[in-house]
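K.L.:
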Amino acid sequence: MPAVTIVYAVLFYVATAVLVGGVAYKVYVYASTPAPLKIPTTPAPTTLLGVAGRMLREVTVFESLFKSNKWIWLFGIMFHFALLLVLLQHLRYFTQPVWFWVVLEQPFGVYAGFLMVVGLLGLWARRFLVDRVRYITSPSDHLMLALLLAIAVSGLAMKFVFHTNIIALKQFFLGLLSFQLEPLPADPVLLIHLALVATLMIIFPISKLLHAPGVFFSPTRNQVDNPREHRHVAGWSASINNPGGR
Amino acid sequence: MANFETPALREYPVIPLIHAGVMAESKPYVAKPEHQEPLGFPGKLVDNWESVAVKKLGELVDESRALRVFLDTCVKCGSCTDKCHYYLGTSDPKNMPVARQDLLRSVYRRYYTLSGKLFPKLVGARDMTKEVLDEWYSYFHQCSQCRRCSVFCPYGIDTAEVSMAARDIMDAVGVGQKYSNEIIGKVFKIGNNLGLPEPALRNTLDGLEEDVKDATGVDVKFPLDEKGAEVLLITPSADFFAEPHIDGLIGYAKVFHQAGIRWTLSSHASEAANFSMFIGSHENMHKVAIRIREAALDLGIKRIVVGECGHAWRVAYSFWNTLIGPFNFLDPNYPVPQHICEMTYDLIQRGALTLDKSANDDKIVTYHDSCNVARATRMGTMPGGQFVIPRAVIKACVNKFHDMEPGSINESTFCCGGGGGLLTDDLMEIRVKGAQPRMQALKHVVDDHGVNYLAAICAICKTQFAKVLPYYKYPMDMIGSVHGLVSNAIQLGTKE
Numbered sequence: 077m078p079a080v081t082i083v084y085a086v087l088f089y090v091a092t093a094v095l096v097g098g099v100a101y102k103v104y105v106y107a108s109t110p111a112p113l114k115i116p117t118t119p120a121p122t123t124l125l126g127v128a129g130r131m132l133r134e135v136t137v138f139e140s141l142f143k144s145n146k147w148i149w150l151f152g153i154m155f156h157f158a159l160l161l162v163l164l165q166h167l168r169y170f171t172q173p174v175w176f177w178v179v180l181e182q183p184f185g186v187y188a189g190f191l192m193v194v195g196l197l198g199l200w201a202r203r204f205l206v207d208r209v210r211y212i213t214s215p216s217d218h219l220m221l222a223l224l225l226a227i228a229v230s231g232l233a234m235k236f237v238f239h240t241n242i243i244a245l246k247q248f249f250l251g252l253l254s255f256q257l258e259p260l261p262a263d264p265v266l267l268i269h270l271a272l273v274a275t276l277m278i279i280f281p282i283s284k285l286l287h288a289p290g291v292f293f294s295p296t297r298n299q300v301d302n303p304r305e306h307r308h309v310a311g312w313s314a315s316i317n318n319p320g321g322r
Numbered sequence: 241m242a243n244f245e246t247p248a249l250r251e252y253p254v255i256p257l258i259h260a261g262v263m264a265e266s267k268p269y270v271a272k273p274e275h276q277e278p279l280g281f282p283g284k285l286v287d288n289w290e291s292v293a294v295k296k297l298g299e300l301v302d303e304s305r306a307l308r309v310f311l312d313t314c315v316k317c318g319s320c321t322d323k324c325h326y327y328l329g330t331s332d333p334k335n336m337p338v339a340r341q342d343l344l345r346s347v348y349r350r351y352y353t354l355s356g357k358l359f360p361k362l363v364g365a366r367d368m369t370k371e372v373l374d375e376w377y378s379y380f381h382q383c384s385q386c387r388r389c390s391v392f393c394p395y396g397i398d399t400a401e402v403s404m405a406a407r408d409i410m411d412a413v414g415v416g417q418k419y420s421n422e423i424i425g426k427v428f429k430i431g432n433n434l435g436l437p438e439p440a441l442r443n444t445l446d447g448l449e450e451d452v453k454d455a456t457g458v459d460v461k462f463p464l465d466e467k468g469a470e471v472l473l474i475t476p477s478a479d480f481f482a483e484p485h486i487d488g489l490i491g492y493a494k495v496f497h498q499a500g501i502r503w504t505l506s507s508h509a510s511e512a513a514n515f516s517m518f519i520g521s522h523e524n525m526h527k528v529a530i531r532i533r534e535a536a537l538d539l540g541i542k543r544i545v546v547g548e549c550g551h552a553w554r555v556a557y558s559f560w561n562t563l564i565g566p567f568n569f570l571d572p573n574y575p576v577p578q579h580i581c582e583m584t585y586d587l588i589q590r591g592a593l594t595l596d597k598s599a600n601d602d603k604i605v606t607y608h609d610s611c612n613v614a615r616a617t618r619m620g621t622m623p624g625g626q627f628v629i630p631r632a633v634i635k636a637c638v639n640k641f642h643d644m645e646p647g648s649i650n651e652s653t654f655c656c657g658g659g660g661g662l663l664t665d666d667l668m669e670i671r672v673k674g675a676q677p678r679m680q681a682l683k684h685v686v687d688d689h690g691v692n693y694l695a696a697i698c699a700i701c702k703t704q705f706a707k708v709l710p711y712y713k714y715p716m717d718m719i720g721s722v723h724g725l726v727s728n729a730i731q732l733g734t735k736e
């Protein structure tokens, strides 16, 4: 087996373990850290169902961002939805036979790659053009955008310019899923694309990409507005024991 | 009036370009040992303060999901950068919510994240140094914890939580803020923020009874420590003597009187305010609030009603049940606690009050949503009742009412500029500049509709506006209590 195959196989096992293990750990930490006080940003829903709706709107149409800034919202939603379509389209490399809805989604997924690039460029442009955003931008914020953009561009390059042996690639990944090594096509653009994706997976749990799981744990968004109706206690507030009363 | 320039009010709101460091010198007076120690904080900067601060930060993150998630999830999208009234009024970039959070997030990253430990420069992580501490002291006292940024953050990140944590850490290393900590000490020692002892309070209330009798010919009572009353009124102590707060207190008393509700104030719990929230100290917040439970039990009352105060209503509405509950000894037919506006609104709905709107015909009124009421609490049963109910009370009392522009009211309301423990003369510059967005919106309704009365339901807002309105060339008596309007409109003697 070529060395490059072995290296990439190991890389993807490691990256997957870091991504899954890291995010699971972070989710565990978020879930087990108490929220001792009720702090929903109001007006907030007064029922659990209402909170589910608020959260759904927050993660699907970016409700708060829409209220705030139409440009960030536009580029942000463009990027995120395009990414979603692209990820779904990539399921075809991990399933045999390919699920029918992934087949249907295929053409959207391919062109979504371009939208992803536009969204990322828009977000990146703001980091240079808007003085307030330029001020708060760290080197890591630029690098993150560069990484995502490089992934999108290298992916599109393979689709439209430097075709790779997609059948062999799929064999490689199906092989990984059943713990068997199949040769990986050693095309430079593919190797770059895959290395960048693995990098993204590895830094996910230690970077601001944690906003994806984090948003679900945000007390200002996920708490029910019912502090008068239900006595909320958690963490330090659970140890409060007031004398008197009935 | 002062050695700074009052920001201009323009035709349209303008998002300023950043001017780094313009507010770096703004700092409140540091608490002396005698202000620190009653609260359980060291009197001066402790020797190994760097490690104490870092350790405290770790503890706070461990005990607060909000803080942990907020420090981890920010993507620096920039959505909040133009939302803070202090940024809009000063153009200092460290008053952008994300930049303010980053003052603390940078330290969190350095000590508690892998990326910050390995690549501090890359991710903007910083060591806990004296320079950082000084920056915290300056800029975490330029946040009024108004939560406007949290409305617009795609992850709901609330800078208030971050600034509370930072102040808690600063208190833990011995660098407290004099204003807030001295006041909390007064509550422990005397029972209220103003340090008004029981005899003085009784005297004030007797005086009010006489004043109302002179003005209306009716015996409206202002009872204190009356056992067996139905309602315990918990109101900010500013209501006892400050203008225009006191008109509100008179309004509450008239409402109780006409509705025939037996009520009382408590000398043991003569303060609704709880400045411990501002400094993020839950031990002190509990200690301040527990007096109310004690007073309620001692007096044998059935309901608790809270007077006009923004952050106090947050503590009461959102935290009391947690901190000083359960309230199983109170009448379950009423919300615990109930806001005075909720009570008045219910009485209006039931036709229990006789109100003559024309008594306020000299006033063209607008309403300032206080930040804590708007974004951290509710009134009534519907989300957003906190916007509807006070306006309904006002509209039942006045003929001429005009709201300010939509982006400056309801959940988008601009802070008065004096909340969160900033209502002190040593922070006058940030207070005046922070009021600019509110004044801007006010200017439009003054110019378009001739508005001459700014109604509010927060003791801090009232004091702050009375102070800053003149800087913007508006009369200081333009600010008034919502229940001041009720007080004018209510026709005593008609329901007895």
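The listed protein sequences derive, respectively, from chains W and U. Heads up, the first sequence is in our numbering, so the first residue is 77 and it goes up one at a time. Heads up, the second sequence is in our numbering, so the first residue is 241 and it goes up one at a time. Where a beta carbon is used, it is the ideal one built from N, C-alpha and C, also for glycine. Bear in mind the structure is a predicted one, so any value in this text is a computation, not a measurement.
1) Does the segment 299-311 of chain W touch the segment 262-278 of chain W, meaning 3 or more C-beta pairs lie closer than 8 Å?
2) Indicate the three-state DSSP secondary structure (helix, strand or coil) for V137(W) in the structure shown.
3) Cα-Cα, which of M679(U), A405(U), I730(U) is closest to M718(U)?
4) Quick check on Y667(U): does DSSP put it in helix, strand or coil?
5) One question on the structure: do W289(U) and V413(U) come within less than 8 Å of each other, judged by their Cβ atoms?
6) Return the first residue and the last residue of the alpha helix (DSSP H) that A201(W) is part of.
7) How many angstroms separate the CA atom of L87(W) from the CA atom of S294(W)?
8) Between the segment 570-590 of chain U and the segment 672-686 of chain U, do three or more beta carbon pairs fall short of 8 Å?
9) Check Y574(U) in the structure and name its three-state DSSP category.
10) Of all the alpha helix (DSSP H) runs that stay within the bounds of the segment 275-306 of chain U, which reach a length of 4 or more residues?
11) Nearest chain W C-beta to Y557(U) closer than 8 Å, yes or no?
12) Which two residues bound the contiguous beta strand (DSSP E) that contains A536(U)?
13) Might you give, ordered along the chain, the residues of its own chain that have their beta carbon closer than 6 Å to the beta carbon of A636(U), omitting 5 neighbours on each side?
14) Between A233(W) and M192(W), which are expected to be in contact by the criterion C-beta below 8 Å, what is the C-beta distance as a whole number of angstroms?
15) Following the continuous alpha helix (DSSP H) through I397(U), name the residue where it begins and the one where it ends.
16) If you follow the alpha helix (DSSP H) that I474(U) is in, where does it begin and where does it stop?
17) Roughly how many angstroms separate the alpha carbons of L224(W) and L196(W), rounded to a whole number?
18) Can you pull out the residues from the segment 362-394 of chain U whose beta carbon lies closer than 7 Å to at least one beta carbon of chain W?
19) Using the Cβ count rule (16 or more neighbours within 10 Å means buried), how would you classify M154(W)?
20) Please go through the same chain and pick out, in chain order, the residues whose beta-carbon is closer than 7 Å to the beta-carbon of E645(U), but skip the five residues on each side of it.
21) For A262(W), collect the residues of the same chain with a Cβ closer than 6 Å to its Cβ; drop the 5 residues on either side in sequence, then sort them by chain order.
22) Give me the subset of the segment 261-283 of chain W whose CB atoms are less than 7 Å from a CB atom of chain U, sorted by chain position.
23) In whole angstroms, what separates the C-alpha of G364(U) from that of G435(U)?
24) Excluding the five sequence neighbours on either side, which residues of its own chain have a C-beta within less than 7 Å of the C-beta of D609(U), listed in chain order?
25) Check distances from the C-beta atoms of the segment 559-570 of chain U to those of chain W and list, in chain order, the residues that come in under 7 Å.
26) Whether or not the segment 701-715 of chain U and the segment 612-621 of chain U are in contact is what I'm after, with contact meaning three or more pairs of Cβ atoms, one per stretch, closer than 8 Å; do they touch?
27) In chain order, what residues of the same chain lie with their CB nearer than 6 Å to the CB of A556(U), ignoring the 5 residues before and after it?
28) Relative to the alpha-carbon of N524(U), which residue among V427(U), S355(U), K323(U), C324(U) has its alpha-carbon at the smallest distance?
29) Does DSSP put F641(U) in a helix, in a strand, or in coil?
30) Run down chain W in chain order and give the residues with a C-beta less than 7 Å from the C-beta of I580(U).
31) When you compare the segment 531-541 of chain U with the segment 499-515 of chain U, are there three or more beta-carbon pairs, one atom per stretch, that lie closer than 8 Å?
32) Please determine, among V286(U), I397(U), K295(U), the residue with the shortest C-alpha to C-alpha distance to R340(U).
33) Got a sec: is the Cβ-Cβ distance from S304(U) to anything in chain W below 8 Å?
34) Given that a residue counts as buried once 16 or more other Cβ atoms are within 10 Å of its Cβ, and exposed if not, what is Q276(U)?
35) Quick one: Cα of A355(U) to Cα of S283(W), how far?
36) Against chain W, with Cβ distances strictly below 8 Å, would E651(U) count as a contact?
P.N.:
Taking the coordinates as given:
1) With the cut-off at 8 Å, the segment 262-278 of chain W and the segment 299-311 of chain W do not touch.
2) Coil.
3) The residue with the shortest Cα to Cα distance from M718(U) is M679(U).
4) The sequence as given places Leu at residue 667(U); Tyr does not occur at that position. L667(U) falls in the helix class under three-state DSSP.
5) Their beta carbons are under 8 Å apart, which means W289(U) touches V413(U) by this criterion.
6) Residues 176-205.
7) Approximately 33 Å between the Cα atoms of the pair.
8) Segments in contact, no.
9) Of the three classes helix, strand and coil, the one that applies to Y574(U) here is coil, per DSSP.
10) You should have 289-303.
11) With its beta carbon less than 8 Å from one in chain W, Y557(U) belongs to the interface.
12) Counting along the chain, A536(U) falls outside any beta strand (DSSP E), though it belongs to the alpha helix (DSSP H) covering 522-539.
13) Excluding residues up to 5 positions away in sequence, I588, L595 lie with their Cβ nearer than 6 Å to the Cβ of A636(U) in the same chain.
14) Contact flag wrong, Cβ pair sits at about 13 Å.
15) Segment: none, I397(U) is in no alpha helix (DSSP H) and carries neither H nor E.
16) Run containing I474(U): none in the alpha helix (DSSP H); it sits in the beta strand (DSSP E), 471-474.
17) Roughly 8 Å separates the two Cα atoms.
18) Within the segment 362-394 of chain U, contact with chain W at the beta-carbon level (separation under 7 Å) is assigned to L362, V363, G364, R387, S390, V391, F392, C393, P394.
19) The residue is buried, with at least 16 neighbouring Cβ atoms inside 10 Å.
20) Spatial neighbours of E645(U) in its own chain (CB-CB distance under 7 Å, excluding positions within 5 residues in sequence) are listed in chain order as A681, H684.
21) So the qualifying residues of the chain are V80.
22) Correct list: I282, S283.
23) The alpha-carbon of G364(U) is positioned some 44 Å away from that of G435(U).
24) F627, I649, N650, T653, listed in sequence order.
25) Using a CB distance below 7 Å, the part of the segment 559-570 of chain U facing chain W consists of F559, N561, T562, L563, I564, G565, P566, N568, F569, ordered along the chain.
26) The segment 612-621 of chain U, when compared against the segment 701-715 of chain U, does not touch it at the 8 Å Cβ threshold.
27) These residues qualify, in order along the chain: V546, P577.
28) The shortest Cα separation from N524(U) among V427(U), S355(U), K323(U), C324(U) belongs to V427(U).
29) F641(U): strand per DSSP, three-state reduction.
30) In chain order: nothing, as chain W lies at least about 15 Å away.
31) In short, these stretches touch, since the Cβ pair count reaches three.
32) Just measuring C-alpha positions, the residue of V286(U), I397(U), K295(U) sitting nearest R340(U) is I397(U).
33) Taking a beta-carbon distance threshold of 8 Å, S304(U) counts as an interface residue toward chain W.
34) Buried, by the Cβ-count rule.
35) Looking at the sequence provided, one finds Ser at residue 355(U) rather than Ala. Taken atom to atom, the span from the alpha-carbon of S355(U) to that of S283(W) is near 7 Å.
36) For E651(U), a Cβ of chain W is located within less than 8 Å of the residue's own Cβ.
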